[in-house]
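Residue numbers (numbering that gives the first Met the number 0), protein chains in the order written: chain X, 0 to 164; chain G, 0 to 567. Accompanying notes for the structure given below.
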Amino acid sequence: MRHIISILVENEAGVLSRVVGLFAARGFNIESLTAAPAESGETSRITLVTEGDEPIIEQILKQLNKLIPTVQVTNLSDGPHVGRELMLIKVTTERGQHEHNPRDEVLNIAKIFRAQIVDATPAALIMEVTGDNDKLNACLAMLEPFGVAEMVRTGQVALSRGTRK
Amino acid sequence: MQLTGAEIVVQCLLEQNVRTVFGYPGGAALYIYDELYRAEKRLTHILSRHEQGAVHAADGYARVTGEVGVAIVTSGPGATNTVTGLATAYMDSIPIVCISAQVPVGLIGNDAFQEVDTVGITRSCTKHNYLVRDVRDLARVIREAFYIAKTGRPGPVLVDIPKDVTNTLCEYTPSNASVTIRSYRPTIKGHIRQVRRAVEMMQVARRPLLYTGGGVILANAWKGLQQLSKSLNLPVTHTLMGLGAVPSTDKRFIGMLGMHGTYEANMAVSHCDLLVAIGARFDDRVTGKIAAFAPQAKIIHMDVDPTSISKNVRVDLPIVGDVRAILEQINALIQEENIPSKQVDILEWWEQIGEWRKKECLRFTQGEQIIEPQTVIETLCRLTNGQAIVATDVGQHQMWTAQFYKFQRARHWLTSGGLGTMGYGLPAAIGAQVAKPDQQVILVTGDGSIQMNIQELGTCLQYQLPLKIVILNNGFLGMVRQWQEFFYEGRYAQTDIAVSPDFVKLAEAYGALGLRTERPDEVEAILRQGLAHPGTVVMDFRVRRESNVYPMVPAGKALNEMILGEIL
Ligand SMILES: Cc1cc2nc3c(=O)[nH]c(=O)nc-3n(C[C@H](O)[C@H](O)[C@H](O)COP(=O)(O)OP(=O)(O)OC[C@H]3O[C@@H](n4cnc5c(N)ncnc54)[C@H](O)[C@@H]3O)c2cc1C
Ligand SMILES: Cc1ncc(C[n+]2csc(CCOP(=O)(O)OP(=O)(O)O)c2C)c(N)n1
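Below, the structure written as structure tokens:
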């Protein structure tokens, strides 16, 4: 099962390599990882998506906690949470391959997924989509027939719902 | 007061009550060494012959004293030479602070002369490490390093200090205040509900067994363990790292468990209905085939490190905390509630253990022609009453020492268990002898291992250490040869090392006493002569070339599938 793990760490040199090094050394897998300064500048929040059965996830959580600069580790998948990911997609929109004007269709799809167009040239559009994993996958699947020239995703960030930390 | 970084290093060491450091100088460490020179009266520096030796010596010092061992090395090759020592200490949870010098801050990342990414290289073999880029952080970092090294699950911490930082002035305020790190707060006391539950489980068990490890030694908790075993009449088995916690002659001690454990210990694990793991980490050398490990038992696990718990074996009752504190809680509860000693209810269990003991799984016969290696250890134990501090290297000699030296006390046993580092023994014994100048310190080693850090004989002589070195010389890399005999149809690929230096002459070349025998009837006389000599002694015992360590649980087999010796 996939787990979204949120790690609050002291914002000090080398802390990210401690986290990543731990996963590499112990053979845990990382599906995605994002890191940025947290509420106060003193800490950073790393959001990491990983997969594993229960004993593995238990080890991952314990091993993360064991790192000296780790302030808090939360398995967001344990409770209700909101997860978001941002994707930038460059779609080719040249006439010729399609019967209709592909640009209109792409713009339509963008509307359905509430994507923003952030760049446009005669040959291509870049759109920005945010949402959970499934939404991004669905959007990507819709756009693929038009020709996705390039695509980049941030990996998930997430927070638990309510006041739980 | 304004001090240079190098002065701060020395002041902080003194603050931590460090009186002895082990090390090896070099360019980037010159300011630090200049300060050590000035502080000579207050801080003794022991010069090893290799940085690996310095770290192992700090490790040996830590194991016998329970204090943090300190090593100081230069940048680049000095730092890379510490890696094996750090990894050895890391695997066995030994508290060390290693100070490595680094190239000046401005040159870091430039492939400067003798630059390596020390913090990067040592990240996975230290509990924590630091690069101090600003002298204003130096005192705090060193204090944190000591705190992290010795609290919770102990381990080595490395502090990398660029040369210019050691030569920069900074305000220094002495401090003995306890350190707090908000992201690091080890648990000490056990959860009282869990503790209560543990006592209940021990009360009802019919076939209980205490399985204890290095954690009991590290926590200085052997008194509490002895009390528990005695008050409830519980049998005890130790891991390799736990030896000495209960005197080996105690009637409730049933020997070491695991790959080369005793028949009775391994059978007891395989049949117990309650296994109480105390400061032990279910290593694969101990469990054998996991699925068949303690199949009938409920398992209680007390450990300060949550990652040790349910890592290899599913545990029924975890108790996180310092085992000294937990054992005190348990013993107090047993007293308060007048919990009676287990006698009738586990009578059958003790009888069963007695039956297994009758197998005498460590039995061997000493003939007249060739020295059996076990004879040397057995005699050594008798001559020293099991009271010596004993270090080993890695191999068959290590296992025979674990089996035949009947340890009477904790912190008298130094061996590399987790990493299994050949070359550990001599420098570790040096560290122990430096820490305990008046105690008998003995190294038991093999003809292979001793050659991995033999240069440290120079250190022994420089500091006139009365260390006694016993080489069980079989002309083989014996432990590997044993595996080749058992599992590779006797193809001895690169394990014949019959060509070794003349160890007697080598000892003499260094200025030590060298002794040798190949005769069984001379073993005792040579040992007596060597032990009585006031200086460093190397004793070369030519033993049977192809002896095997028994019992042996082949890797991946269940503990009750032991190979017993030829004569059993
Ligand atoms: C050739 C060879 C053969 C070997 N054969 C055997 C064998 O037959 N049998 C055997 O037992 N070993 C054997 N070993 C050693 C083995 O590899 C392991 O090193 C050993 O079993 C680990 O011992 P341990 O479980 O006591 O753990 P240690 O490595 O000593 O770990 C200590 C545990 O205690 C915990 N701890 C530390 N401090 C505290 C505290 N204050 N409070 C609470 N908990 C604490 C730690 O978190 C850790 O979990 C062999 C090694 C070699 C090289
Ligand atoms: C640094 C290192 N290299 C290799 C090994 C693998 N190894 C384990 S035991 C052993 C043989 C040790 O031989 P010796 O020191 O002569 O001891 P004996 O087994 O003969 O008693 C070897 C090579 C090791 N443990 N450490």
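From the three backbone atoms N, C-alpha and C, an ideal C-beta is built for every residue, glycine too. Computed from a predicted model, the values in this text were never measured in an experiment.
For Asn74 (chain X), no alpha helix (DSSP H) segment is defined; the enclosing uninterrupted segment is the beta strand (DSSP E) at Thr69 to Asn74. Excluding five sequence positions before and after Thr420 (chain G), the CB atoms of its chain that fall closer than 7 angstroms to its own CB belong to Thr83, Thr87 and Val393, given in chain order.
Secondary structure at Ala524 (chain G): helix, using DSSP grouped into helix, strand and coil. Annotation for Gln58 (chain X) indicates a beta carbon at 8 angstroms or more from all heavy atoms of ligand 1. A buried status is given to Glu66 (chain G), since no fewer than 16 other beta-carbon atoms sit within 10 Å of its beta-carbon.
Between Thr121 (chain G) and Ser74 (chain G), the CB-CB gap reaches or exceeds 9 angstroms. Under the Cβ distance rule, Pro305 (chain G) counts among the residues neighbouring chain X, one pair being separated by less than 9 angstroms.
Taking C-beta separations shorter than 8 angstroms and ignoring five residues to either side along the sequence, the partners of Ala148 (chain G) in its chain run Val67, Pro94, Ile95, Val96, Lys126, Gly154, Pro155 and Val156, following chain order. If you check the CB distance, Ala35 (chain X) and Arg25 (chain X) do not come in under 9 angstroms. Boundaries of the alpha helix (DSSP H) around Pro426 (chain G): Gly424 to Ala434.
In chain order, Gly4, Val164, Thr167 and Cys169 place their CB closer than 6 angstroms to the CB of Val134 (chain G), counting only its own chain and leaving out the 5 sequence neighbours on each side. Between Val81 (chain X) and Ser5 (chain X), the CB-CB gap reaches or exceeds 9 angstroms.
Taken through DSSP and simplified to helix, strand or coil, Val72 (chain G) comes out as strand. Of all residues in the segment 146 to 162 of chain G, those with a C-beta nearer than 8 angstroms to a C-beta of chain X are Ile147, reading in chain order. Remark: C-beta atoms of Ile429 (chain G) and Ile449 (chain G) do not approach each other more closely than 9 angstroms.
When G:Lys250, G:Leu35, G:Leu217 and G:Leu326 are compared, the shortest CA-CA separation from Gly241 (chain G) is found for G:Leu217. In this structure the segment 11 to 21 of chain G lies against the segment 52 to 65 of chain G, because at least three pairs of beta carbons, one per stretch, are closer than 8 angstroms. Straight through space, the alpha carbons of Lys110 (chain X) and Glu127 (chain X) are spaced by roughly 11 angstroms. Cα atoms of Glu523 (chain G) and Gly534 (chain G): separation of roughly 19 angstroms, rounded to the nearest angstrom.
For the pair Ile388 (chain G) and Leu413 (chain G), the Cα-to-Cα distance works out to about 8 angstroms.
Ligand 2 has a heavy atom closer than 8 angstroms to the beta-carbon of Phe475 (chain G). Under the Cβ criterion of 9 angstroms, Lys229 (chain G) is not counted among the residues facing chain X. Counting of Cβ neighbours within 10 angstroms places Ser247 (chain G) among the buried residues, the total reaching 16 or more. Nearest CB-CB separation between Pro79 (chain X) and chain G: not below the 9 angstroms threshold. 9 angstroms or more divides the Cβ of Tyr129 (chain G) from the Cβ of Gln1 (chain G). When DSSP states are grouped into helix, strand and coil, Asn107 (chain X) belongs to the helix group. Residues of the segment 165 to 197 of chain G with a C-beta atom less than 9 angstroms from some C-beta of chain X are Ile180, Arg181, Ser182 and Tyr183, listed in chain order. At a cut-off of 9 angstroms between beta-carbon atoms, Gln62 (chain X) makes contact with chain G. Secondary structure in the segment 118 to 202 of chain G: the alpha helix (DSSP H) runs of 4 residues or longer, each lying completely within the stretch, are 134 to 149 and 162 to 165 in chain order. Rounded to whole angstroms, Gly151 (chain G) and Val63 (chain G) show a C-alpha spacing of 19 angstroms. For Lys310 (chain G), the chain X residues whose Cβ falls inside 7 angstroms of its Cβ are Gln58, in order along the chain.
About 6 angstroms separates the beta carbon of Val102 (chain G) from that of Ala27 (chain G), a gap short enough to meet the 8 angstroms contact definition. For Ala12 (chain X), a Cβ of chain G is located within less than 9 angstroms of the residue's own Cβ. For the pair of segments examined, the segment 514 to 528 of chain G was found not to touch the segment 483 to 495 of chain G: the number of CB pairs separated by less than 8 angstroms stays below three. Contact check for Val375 (chain G) and Leu471 (chain G): beta-carbon distance about 6 angstroms, within the 8 angstroms limit, so the pair qualifies. Residues of chain X whose Cβ lies closer than 7 angstroms to the Cβ of His127 (chain G) are, in chain order, Ile67.
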